[in-house]
Amino acid sequence: MPKEKKKNNTVELIARQIREDITKSSFKSSQHLKEGYFVKKFGVSRVPVREAFRILHSEGYIDMIPNKGSFVKKITKKDIEEIALIYKLLAPVVLDAAIPNYKKSTYKQIEEIIIKVEHCKDFSEVGYFLWEFAKTIFGPSKLTFFLELFDKMYRNNIRSLNEIFEASEHKQYDTSDHREFLRLCKLKKKKEAIDTWTKHISKIESLNLKLRSN
Amino acid sequence: MKTNTSVQKVAQCLRHDITYGNFKPFKHLKEAEVAKKYNVSRVPVREAFRMLHYEGYLDVIHNKGCFVKKISNDYIIQTATVYKLLVPVILEKAIPKYTKKTFERADKVLNKIEQCKNFSEVGYLIWEFAKIIYTPSGMPFTVSIFDDIYRQSVRVLNEFFETRENALFKVKAHKEFIELCKEKKTREAIIHWTEFVGQMETLVINRKDFSKPIINKAS
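Going down the list, the protein sequences come from chains A and B. Per our numbering, residue 1 is the first one in the first sequence, and the count goes up by one each step. Per our numbering, residue 1001 is the first one in the second sequence, and the count goes up by one each step.
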């Protein structure tokens, strides 16, 4: 879970508020976010505001441009398509190496994370749970370079995952693909499991594209 | 790379000592010892360590220090796998967007590589070439993955070209790739480049082959 949260509550409070404002479009794409505004609004020094910006930057919420400041990141159709394309190319390779290494404990871990996602009520946490899910299913591949790459990909897309959750009906993230993936892995149906995951990536891509077109 | 000259000097010496096995893999490099050996203060040594860590020469372990890194074949195979999967996708988008300027810049870097006599610069020049051919794709995330791959490979590329019989780097495959692009033969260019990457991978993994002439046996 986000370590930042335990480290500093003020930072997380500010980050949470900005996430919400971006998701609900109170702050528009490309809008300039000024440190001074948040310093006044939260009655804090510049230090926690800057730290919150850093977190939001790593999660894909804002762009930080040297000597210019921080801006709400504009997510384009092209960005979404690029990530999905890369993910669909690389995921089968990693899963092919990972699935045969799953143990009883892996299944248990996967199951636990699915439950966490299903019970999650806080939209700014769901992205981190889904990242944790990805780490659990890809980790046993021991393909360190791929894993670093996926980490980077998930970290930069926490925002998209959060927003899909926020836009979902009854504020419930759909875990049917995750459960189906787990079921097939337990049955040793590797090929079908990989197919399920690849289709899931396409599904997320189209949800994401739909979200951006509104 | 224009940085402080004593930093460059230390970095150069370290690269040389690592490449030629004077410093073996896993050797603990101590700031004070290195400073004494090269007759400099500790400040540039620290900076050189940082640089070499970035290039994949050293492991920096928190609270323990710097160690000569052992390049693992497993890691090379993984980066090559990612590279080979992504190359066709990115080049397909990039090649149609090449302009006269792209070709000019590519030719310039290739000339620089051909004339380069300092093995610790080759890795950076090859990385520069990669940026020129991949950036026009308009795929920033994929470009950043390639950056990660090249950054980690600066050492491998340096050592590859240093330990070859002819220390001057041949850029035949690169030139052929550029020629095919100029002729708008996108598909052929992609196939050519992917094959070249595969050959490089094999050569790097079979390090004993380093002394043999590079690829393109047919020519």
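Idealized CB from N, CA, C, for every residue including glycine.
For a minimum of 4 consecutive residues, which ranges assigned as the alpha helix (DSSP H) are wholly contained in the segment 85 to 112 of chain A?
If we require 4 residues or more, the segment 85 to 112 of chain A turns out to have no alpha helix (DSSP H) run fully inside it.
Per DSSP, which one or two residues make a beta bridge with Asp63 of chain A?
Here residue 63 of chain A is taken as the residue at index 63 of the first sequence, counted from 1. Paired residues: A:Phe71.
Members of the segment 1052 to 1065 of chain B near chain A, C-beta cut-off 7 angstroms:
Answer set for the segment 1052 to 1065 of chain B: empty.
Closest Cβ-Cβ distance between Phe1141 of chain B and chain A: below 8 angstroms?
As a position in the second sequence, residue 1141 of chain B is number 141, starting the count at 1. The beta carbon of Phe1141 of chain B falls within 8 angstroms of a beta carbon belonging to chain A, placing the residue at that interface.
Name, going along the chain, the residues of the segment 71 to 88 of chain A whose beta-carbon falls closer than 9 angstroms to a beta-carbon of chain B.
Answer in chain order: Lys78, Asp79, Glu82, Ile83, Leu85, Ile86.
Same chain only: Cβ atoms within 6 angstroms of Phe133 of chain A, ignoring 5 sequence neighbours per side:
As a working note, residue 133 of chain A is residue 133 in the first sequence. Within the same chain, Cβ atoms closer than 6 angstroms to the Cβ of Phe133 of chain A are found at Ile113, the five residues on either side in sequence being excluded.
Smallest Cα separation from Arg179 of chain A: which of A:Asn162, A:Ser206, A:Tyr107?
Position 179 of the first sequence, counted from the start, is the residue given in the question as residue 179 of chain A. Arg179 of chain A has its Cα closest to that of A:Tyr107, out of A:Asn162, A:Ser206, A:Tyr107.
Quick check: what's the CA-CA separation for Ser1072 of chain B versus Lys1117 of chain B?
Numbered from its first residue, the second sequence carries residue 1072 of chain B at position 72. Numbered from its first residue, the second sequence carries residue 1117 of chain B at position 117. Rounded to the nearest angstrom, the two C-alpha atoms are 27 angstroms apart.
Minimum length 4: unbroken alpha helix (DSSP H) runs contained in the segment 1027 to 1106 of chain B:
The DSSP assignment places complete alpha helix (DSSP H) segments of no fewer than 4 residues inside the segment 1027 to 1106 of chain B at 1031 to 1037, 1042 to 1054, 1073 to 1094, in order along the chain.
Taking C-alpha atoms, which residue in B:Ala1080, B:Gln1012, B:Leu1085 lies nearest to Phe1049 of chain B?
In the second sequence, counting from the first residue as 1, residue 1049 of chain B sits at position 49. For Phe1049 of chain B, the nearest C-alpha among the options comes from B:Gln1012.
Reducing DSSP to helix, strand and coil, say where Leu33 of chain A ends up.
Reading the first sequence from its first residue, position 33 is the one you call residue 33 of chain A. When secondary structure is reduced to three states using DSSP, Leu33 of chain A falls in the strand class.
Nearest-angstrom Cβ-Cβ length linking Glu163 of chain A and Phe1141 of chain B, presumed shorter than 8 angstroms:
The residue you call residue 163 of chain A lines up with position 163 of the first sequence. The residue you call residue 1141 of chain B lines up with position 141 of the second sequence. Contact between Glu163 of chain A and Phe1141 of chain B fails: their C-beta atoms lie close to 18 angstroms from each other, not under 8 angstroms.
Are the beta-carbon atoms belonging to Val1045 of chain B and Glu1031 of chain B less than 8 angstroms from one another?
Translated into positions along the second sequence, residue 1045 of chain B becomes position 45. Translated into positions along the second sequence, residue 1031 of chain B becomes position 31. Between Val1045 of chain B and Glu1031 of chain B, the CB-CB gap stays under 8 angstroms.
Pro48 of chain A lies in the alpha helix (DSSP H); which residues open and close that run?
Against the first sequence, residue 48 of chain A aligns to sequence position 48. Where Pro48 of chain A is concerned, the enclosing alpha helix (DSSP H) stretches over 46 to 58.
Go ahead and pull the three-state DSSP assignment for Thr198 of chain A.
Here residue 198 of chain A is taken as the residue at index 198 of the first sequence, counted from 1. Thr198 of chain A falls in the helix class under three-state DSSP.
Would DSSP call Ala1167 of chain B helix, strand or coil?
Counted from its first residue, the second sequence places residue 1167 of chain B at position 167. Low local confidence applies: a pLDDT of 48 at Ala1167 of chain B is under 50, so the model's placement there is unreliable, and no value is given.
Can a CB atom of chain C be found closer than 8 angstroms to the CB of Ile1145 of chain B?
Among the chains of the structure shown, chain C does not appear; the protein chains present are A and B.
Using only alpha-carbon positions, find the residue among A:Glu59, A:His32, A:Arg50 that is nearest to Arg19 of chain A.
Here residue 19 of chain A is taken as the residue at index 19 of the first sequence, counted from 1. Selected option, being the one with the closest Cα: A:Glu59.
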